[in-house]
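Student: First to last, the sequence lines map onto chains Z and F. Letter by letter, the first sequence follows residues 1 to 420 of the UniProt record's numbering. Letter by letter, the second sequence follows residues 1 to 420 of the UniProt record's numbering. Glycine is no exception: its CB is placed at the ideal position from the N, C-alpha and C atoms. These figures come from a predicted structure and were not determined experimentally. Just passing along the structure, written as structure tokens.
Protein chains: 2
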Amino acid sequence: MTSNNPPARANPAVVIVGGGFAGLQAAKALSGEPLDVILLDRNNYHLFQPLLYQVATAGLGPEDISYPLRAILRGYGNVAFRMADVCGVDLAGRRVLTDGGAISYDYLLLAVGAETSFFGLESVAANAVGLKNLADALTLRNHILRMFELASREQDPAIRRELLTFVVAGGGATGVESAGGLAELVHLVLAKDYPELDFAEVSLILLEGGDRLLLALPASLAAYAARALRKMRVEIRFRSRVAGFDSRTITLADGAAIAARTIVWAAGVKAAALIATLGVPADRLGRAIVAETLQLPGHPEVFVAGDAACREQDGGPLPMIAPVAVQQAILAAANIAALAAGRQPAALVYKDPGTLATIGRSTAVAAIGRWRFAGFTAWLLWLVIHLIRLVGFRNRFIVTINWAWDYFFYERAIRLILRI
Amino acid sequence: MTSNNPPARANPAVVIVGGGFAGLQAAKALSGEPLDVILLDRNNYHLFQPLLYQVATAGLGPEDISYPLRAILRGYGNVAFRMADVCGVDLAGRRVLTDGGAISYDYLLLAVGAETSFFGLESVAANAVGLKNLADALTLRNHILRMFELASREQDPAIRRELLTFVVAGGGATGVESAGGLAELVHLVLAKDYPELDFAEVSLILLEGGDRLLLALPASLAAYAARALRKMRVEIRFRSRVAGFDSRTITLADGAAIAARTIVWAAGVKAAALIATLGVPADRLGRAIVAETLQLPGHPEVFVAGDAACREQDGGPLPMIAPVAVQQAILAAANIAALAAGRQPAALVYKDPGTLATIGRSTAVAAIGRWRFAGFTAWLLWLVIHLIRLVGFRNRFIVTINWAWDYFFYERAIRLILRI
Numbered sequence: 001m002t003s004n005n006p007p008a009r010a011n012p013a014v015v016i017v018g019g020g021f022a023g024l025q026a027a028k029a030l031s032g033e034p035l036d037v038i039l040l041d042r043n044n045y046h047l048f049q050p051l052l053y054q055v056a057t058a059g060l061g062p063e064d065i066s067y068p069l070r071a072i073l074r075g076y077g078n079v080a081f082r083m084a085d086v087c088g089v090d091l092a093g094r095r096v097l098t099d100g101g102a103i104s105y106d107y108l109l110l111a112v113g114a115e116t117s118f119f120g121l122e123s124v125a126a127n128a129v130g131l132k133n134l135a136d137a138l139t140l141r142n143h144i145l146r147m148f149e150l151a152s153r154e155q156d157p158a159i160r161r162e163l164l165t166f167v168v169a170g171g172g173a174t175g176v177e178s179a180g181g182l183a184e185l186v187h188l189v190l191a192k193d194y195p196e197l198d199f200a201e202v203s204l205i206l207l208e209g210g211d212r213l214l215l216a217l218p219a220s221l222a223a224y225a226a227r228a229l230r231k232m233r234v235e236i237r238f239r240s241r242v243a244g245f246d247s248r249t250i251t252l253a254d255g256a257a258i259a260a261r262t263i264v265w266a267a268g269v270k271a272a273a274l275i276a277t278l279g280v281p282a283d284r285l286g287r288a289i290v291a292e293t294l295q296l297p298g299h300p301e302v303f304v305a306g307d308a309a310c311r312e313q314d315g316g317p318l319p320m321i322a323p324v325a326v327q328q329a330i331l332a333a334a335n336i337a338a339l340a341a342g343r344q345p346a347a348l349v350y351k352d353p354g355t356l357a358t359i360g361r362s363t364a365v366a367a368i369g370r371w372r373f374a375g376f377t378a379w380l381l382w383l384v385i386h387l388i389r390l391v392g393f394r395n396r397f398i399v400t401i402n403w404a405w406d407y408f409f410y411e412r413a414i415r416l417i418l419r420i
Numbered sequence: 001m002t003s004n005n006p007p008a009r010a011n012p013a014v015v016i017v018g019g020g021f022a023g024l025q026a027a028k029a030l031s032g033e034p035l036d037v038i039l040l041d042r043n044n045y046h047l048f049q050p051l052l053y054q055v056a057t058a059g060l061g062p063e064d065i066s067y068p069l070r071a072i073l074r075g076y077g078n079v080a081f082r083m084a085d086v087c088g089v090d091l092a093g094r095r096v097l098t099d100g101g102a103i104s105y106d107y108l109l110l111a112v113g114a115e116t117s118f119f120g121l122e123s124v125a126a127n128a129v130g131l132k133n134l135a136d137a138l139t140l141r142n143h144i145l146r147m148f149e150l151a152s153r154e155q156d157p158a159i160r161r162e163l164l165t166f167v168v169a170g171g172g173a174t175g176v177e178s179a180g181g182l183a184e185l186v187h188l189v190l191a192k193d194y195p196e197l198d199f200a201e202v203s204l205i206l207l208e209g210g211d212r213l214l215l216a217l218p219a220s221l222a223a224y225a226a227r228a229l230r231k232m233r234v235e236i237r238f239r240s241r242v243a244g245f246d247s248r249t250i251t252l253a254d255g256a257a258i259a260a261r262t263i264v265w266a267a268g269v270k271a272a273a274l275i276a277t278l279g280v281p282a283d284r285l286g287r288a289i290v291a292e293t294l295q296l297p298g299h300p301e302v303f304v305a306g307d308a309a310c311r312e313q314d315g316g317p318l319p320m321i322a323p324v325a326v327q328q329a330i331l332a333a334a335n336i337a338a339l340a341a342g343r344q345p346a347a348l349v350y351k352d353p354g355t356l357a358t359i360g361r362s363t364a365v366a367a368i369g370r371w372r373f374a375g376f377t378a379w380l381l382w383l384v385i386h387l388i389r390l391v392g393f394r395n396r397f398i399v400t401i402n403w404a405w406d407y408f409f410y411e412r413a414i415r416l417i418l419r420i
């Protein structure tokens, strides 16, 4: 492994690992500071994860929710990008170890995010598909559409039903949005594409281990979401957990079985594996436990922000969601700039901007402060917020067109089975 | 293998193999006829192949130039689609053999198209990438962008030059369009993305075996194209043929060598492999030699149209281009309908609508009848014709936006390295 560090610099070196919400926000916040910042990511693009389920359900293309990191960072003179797989951190030597050599830092921000957790269920890990990256979303899109093609030429009704049974595991926002997106794809679009199929043979099942959906939202909104999904012909089973999946039969923890070929796994995430290699205290989701300044205990030059950080507030850990990642990143960047300038770092005070989840056409739920919205207003709010947050004006424009198109024509233009 | 045929029907069964320009045109032409038509394709989408090089050079996404075949065929009551890999034809038993069972026909149209030909050069086949399908285009896009990422962290100038040398083999329309698209991606877009690279180290080389480009166009237009490419910093080498490529060194037929990691292979195509399995007379490109009615000699119920058919006119075989495919498909469909109605099939008279090739921004060449265009007029013509021919209003709309965007902002929004 060779060292790829540029020659001696005047400014302290900041390395940010991860170009997601947290890493990108921190890079932007550090632009213009007297610091030499390098942002590392294994991909060359920033991914707008909240819309991944729309790629999986053929509503958007992968290009619509991704934006090249180099293009985003063009304007920031002191921020460079390098595409690299980070395989470890030499905390004592202050070096990040990558597939392209080691990179030294004076300050490090780990914004490595989360990955799918199958809770050690190996058969599920082998046969279900998560929803954490573009490969997941395209694999799901290909798989779902392929099931319909196979069903359309299948003579055996039992096998046809198995092909046409789609299970979403997990009743959080990702599970609810995926189940809703899938229901619209199936009953509004594919029903027109497959006149040879009887769509009464299709089963869409949402499994939730607890006894309500959307724990992050008030119970009344969760009940609204459940009613809306049922209207869209999604069967919801509470107190149901997946225990195994051999690609044709799903076994539940209570011993029941479902003949199905598809599990969309929205039941669990954990911090990216890099955190476990650091040898620092972590919570049960693998998140590094950080100080209120987001510093790693014993390593004041190392910060962790976003899904990979565990920080408690108001008696519980902050959730693994974009607003937490963004607020933590802004604080971590400010604290790095403060340390470099010889000032004291500040403590995190997370301000909850509210929670939103969309279910389908004109149907969403939102809790913002004391306000509760359900239906069209919440959906419009969801739409506008997601469009504003998307990086790149072109992406916003194309996504608006795609959504308008699908809304008015009951279409999903992107339903291609793409082999690569 | 089981038979998947529906129960006895009143109408003759027509099977069309291939959903490209020829197959899709024939399916549309047969709609409304007293025939039961099944269109088979290994993919679930129609691909607009003329714009594949734009996917490879990050100007368009794969979703923009593809359209679901089932969506296209929705309006045609007597035309069904089935996604299937066709592995053979039982000409005597009048059955098409697929991965989903055999399908019987009364009339068969083989519109199976073409695939990349490496002329038996195994090392080139293993390391170069053709441009015949979406997987090719995405592989190329990923590869080209990855070379820049690797170069940006490479210290050895010799290796850096090797990473930054891109060779396009073949000076026909695909080669010229790919070289032009690549030059614009590199010098207009990536030059802004990689401030750490010296773009004088980039080499773009177009290799042509003969001594001029664009044989399908008049010499004056070919010379214009060569001048335009050189202005875009593409080096053109005539009388140069690739003999081998071990992924780091390209060996030419005259013994010269080029240190490079990339060959975009636009030097040859041949008929799809299915034709060779039929045991019928074929030309040196593997195309089935057909009668003037496009019937297979000895099998009047079997037609071949498009790139997989060899039909001579005016002393030479018709070229493997979209206008030939479309005109042949219209005739083949009319002849199938005629035979089914007890009438005589008609003979093909191909009318050349002219030839167009684009080189880059505001730069194209066109020969239509006695007219010759070069520059902005030809480019506008190319733009309008390609937009009109794209299937799906949404695709036309999105492609227009992408092109306008790239034109005004010197951008390529889709430059993502996408792993799946």
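Quick check on F119 of chain F: does DSSP put it in helix, strand or coil?
Tutor: The residue you call residue 119 of chain F lines up with position 119 of the second sequence. Coil at F119 of chain F, not helix or strand.
Student: Along the beta strand (DSSP E) that carries P68 of chain Z, what are the first and last residues, could you check?
Tutor: Stepping through the first sequence from its first residue, residue 68 of chain Z is reached at position 68. S66 to P68 is the extent of the beta strand (DSSP E) around P68 of chain Z.
Student: Output the distance between the C-alpha atoms of L206 of chain F and D283 of chain F, rounded to the nearest integer angstrom.
Tutor: Mapped onto the second sequence, residue 206 of chain F falls at position 206. Mapped onto the second sequence, residue 283 of chain F falls at position 283. So the two alpha carbons sit approximately 28 Å from each other.
Student: Restricting to Cα atoms, I'd like to know which of F:G101, F:M83 and F:A80 is closest to D90 of chain F.
Tutor: Along the second sequence, one-based indexing puts residue 90 of chain F at 90. With distances taken between Cα atoms, D90 of chain F lies closest to F:G101.
Student: Nearest by alpha-carbon distance to L418 of chain Z: which of F:G23, F:L47, F:R233 and F:L35 is it?
Tutor: Within the first sequence, numbered from 1, the residue matching residue 418 of chain Z stands at position 418. Ranking F:G23, F:L47, F:R233 and F:L35 by Cα distance to L418 of chain Z puts F:L47 first.
Student: Give every residue of the same chain whose Cβ lies closer than 8 Å to the Cβ of F166 of chain Z, excluding the five residues on either side of it in the sequence, and list them in chain order.
Tutor: Here residue 166 of chain Z refers to the residue found at position 166 when the first sequence is read from its first residue. Taken in chain order, the residues that qualify are I144, M147, L182, V186, V202, S203, L204, I205, A260, T262 and V264.
Student: Specify the secondary structure class of T358 of chain F as computed by DSSP and reduced to three states.
Tutor: Here residue 358 of chain F is taken as the residue at index 358 of the second sequence, counted from 1. Here T358 of chain F sits in strand by DSSP.
Student: So that I know if they touch, is there some Cβ in chain F lying closer than 8 Å to that of W405 of chain Z?
Tutor: Counting from 1 along the first sequence, the entry for residue 405 of chain Z is found at position 405. Chain F, which has a Cβ nearer than 8 Å to the Cβ of W405 of chain Z, makes this yes.
Student: Give me the chain F residues within the contact set of E220 of chain Z, using Cβ-Cβ distance strictly less than 8 Å, ordered along the chain.
Tutor: Numbered from 1 along the first sequence, position 220 holds the residue referred to as residue 220 of chain Z. What sits at residue 220 of chain Z in the sequence shown is Ser, not Glu. In chain order: nothing, as chain F lies at least about 38 Å away.
Student: Can you pull the chain F neighbours of R415 of chain Z, defined as C-beta to C-beta under 9 Å?
Tutor: For the purposes of this step, residue 415 of chain Z is identified with residue 415 of the first sequence, where counting begins at 1. Within 9 Å Cβ-Cβ: N44, Y45, P68, R70 and A71.
Student: If you compare alpha carbons, which of F:G315, F:A267 and F:D64 is closest to R412 of chain Z?
Tutor: Numbered from 1 along the first sequence, position 412 holds the residue referred to as residue 412 of chain Z. When only C-alpha atoms are compared, the closest one is F:D64.
Student: In whole angstroms, what is the alpha-carbon distance linking I250 of chain Z and D193 of chain Z?
Tutor: Along the first sequence, read from residue 1 onward, the residue named residue 250 of chain Z stands at position 250. Along the first sequence, read from residue 1 onward, the residue named residue 193 of chain Z stands at position 193. Approximately 28 Å between the Cα atoms of the pair.
Student: For chain Z, is any of its Cβ atoms less than 8 Å away from the one on K192 of chain F?
Tutor: Translated into positions along the second sequence, residue 192 of chain F becomes position 192. Yes, K192 of chain F counts as interfacial toward chain Z.
Student: Can you pull the chain F residues whose beta carbon is under 7 Å from the beta carbon of F397 of chain Z, in chain order?
Tutor: As a working note, residue 397 of chain Z is residue 397 in the first sequence. The contacting residues are I401.
Student: Taking only the alpha-carbon atoms, compute the straight-line gap between E177 of chain Z and T358 of chain Z and give it to the nearest angstrom.
Tutor: As a working note, residue 177 of chain Z is residue 177 in the first sequence. As a working note, residue 358 of chain Z is residue 358 in the first sequence. Going by the C-alpha atoms only, they are around 6 Å apart.
Student: Which residues in chain F sit within 7 Å of G100 of chain Z, going by Cβ to Cβ distance?
Tutor: Taking the first sequence and counting its residues from 1, the one referred to as residue 100 of chain Z is at position 100. Neighbours of G100 of chain Z on chain F, chain order: R153.
Student: Please specify which runs of the alpha helix (DSSP H), each continuous and at least 4 residues long, are wholly inside the region 98-185 of chain Z, giving them in chain order.
Tutor: The qualifying runs are 122-127, 134-152, 157-163 and 173-184.
Student: Are there 16 or more other CB atoms within 10 angstroms of the CB of residue 436 of chain Z, so buried, or fewer, so exposed?
Tutor: For chain Z, the structure presents residues 1 to 420; residue 436 of chain Z sits outside this window and is missing.
Student: On a Cα-Cα basis, can you pick out the residue from Z:A13, Z:L252, Z:A329 and Z:M320 that is closest to G268 of chain Z?
Tutor: Locating residue 268 of chain Z in the first sequence gives position 268, counting from the first residue. It is Z:M320.
Student: Please classify C310 of chain F as buried or exposed, where buried requires at least 16 other C-beta atoms within 10 Å of its C-beta.
Tutor: Counted from its first residue, the second sequence places residue 310 of chain F at position 310. Buried, by the Cβ-count rule.
Student: Near R237 of chain Z, what residues of its chain come up, given a Cβ to Cβ distance below 8 Å and the 5 sequence neighbours on each side ignored?
Tutor: If you number the first sequence from 1, residue 237 of chain Z lands on position 237. Excluding positions up to five away in sequence, the list reads I205, L206, L207 and E208.
Student: Got a sec: is the Cβ-Cβ distance from M147 of chain F to anything in chain Z below 8 Å?
Tutor: Taking the first residue of the second sequence as position 1, residue 147 of chain F is located at position 147. No, no contact with chain Z.
Student: With DSSP as the reference, label A374 of chain Z as helix, strand or coil.
Tutor: The count along the first sequence starts at 1 and reaches residue 374 of chain Z at position 374. Note: A374 of chain Z maps to strand in three-state DSSP.
Student: Quick test of your reading: R42 of chain Z and A111 of chain Z, contact by CB under 8 Å. State the CB separation rounded to the nearest angstrom.
Tutor: Here residue 42 of chain Z is taken as the residue at index 42 of the first sequence, counted from 1. Here residue 111 of chain Z is taken as the residue at index 111 of the first sequence, counted from 1. The Cβ separation is near 13 Å, so there is no contact.
Student: Ignoring anything shorter than 4 residues, give me the alpha helix (DSSP H) runs that lie fully in the region 24-98 of chain Z, in order along the chain.
Tutor: Counting whole runs of 4 or more residues, the region 24-98 of chain Z contains the alpha helix (DSSP H) stretches 52-56 and 69-73.
Student: Report the option in F:L356, F:K132, F:G170 and F:N44 whose CA atom is closest to the CA atom of I414 of chain Z.
Tutor: Start at 1 with the first residue of the first sequence, and residue 414 of chain Z comes out as number 414. The residue with the shortest Cα to Cα distance from I414 of chain Z is F:N44.
Student: Considering only their Cβ atoms, is the gap separating L131 of chain F from Y53 of chain F smaller than 8 Å?
Tutor: Here residue 53 of chain F is taken as the residue at index 53 of the second sequence, counted from 1. Here residue 131 of chain F is taken as the residue at index 131 of the second sequence, counted from 1. A contact, by the Cβ cut-off of 8 Å.
Student: Suppose the cutoff is 6 Å on Cβ atoms and the five residues either side in sequence are ignored; what does the same chain contact list for V55 of chain F look like?
Tutor: Counting from 1 along the second sequence, the entry for residue 55 of chain F is found at position 55. Result list for V55 of chain F: P62 and A137, in chain order.
Student: Quick one: which unbroken beta strand (DSSP E) runs of 3-plus residues sit fully inside the region 253-306 of chain Z? Chain order, please.
Tutor: Taking only runs of at least 3 residues, the beta strand (DSSP E) segments lying wholly in the region 253-306 of chain Z are 257-259, 262-265, 269-271 and 299-304.
Student: If you measure beta-carbon to beta-carbon, which residues of the region 128-142 of chain F are closer than 8 Å to chain A?
Tutor: Of the protein chains in the structure, Z and F, none is chain A.
Student: How many Å lie between T2 of chain F and A114 of chain Z at the Cα?
Tutor: Position 2 of the second sequence, counted from the start, is the residue given in the question as residue 2 of chain F. Position 114 of the first sequence, counted from the start, is the residue given in the question as residue 114 of chain Z. Bear in mind that the predicted position of T2 of chain F carries a pLDDT of just 44, short of 50, making it too unreliable to give a figure here.
Student: Which residues in the same chain have their Cβ closer than 8 Å to the Cβ of I258 of chain Z, if we skip the five residues on either side of it in sequence?
Tutor: Start at 1 with the first residue of the first sequence, and residue 258 of chain Z comes out as number 258. Excluding positions up to five away in sequence, the list reads T165, V167, I205, T249, I250 and L252.
Student: So which of Z:P345, Z:G392 and Z:T174 has the shortest CA-CA distance to R70 of chain Z?
Tutor: Stepping through the first sequence from its first residue, residue 70 of chain Z is reached at position 70. Comparing Cα positions, the closest option is Z:G392.
Student: How far does the alpha helix (DSSP H) with L204 of chain F in it extend, from its first residue to its last?
Tutor: Here residue 204 of chain F is taken as the residue at index 204 of the second sequence, counted from 1. Taken as a continuous stretch (DSSP letters only), L204 of chain F belongs to no alpha helix (DSSP H), being part of the beta strand (DSSP E) at S203 to L207.
Student: Could you give the DSSP three-state label for V391 of chain F: helix, strand or coil?
Tutor: Working through the second sequence from its first residue, we reach residue 391 of chain F at position 391. Looking at V391 of chain F - three-state DSSP - the assignment turns out to be coil, as it is neither helix nor strand.
Student: Which chain F residues sit within Cβ distance under 7 Å of L418 of chain Z?
Tutor: Your numbering for residue 418 of chain Z matches position 418 in the first sequence. By Cβ distance, chain F contributes P62 and L134.
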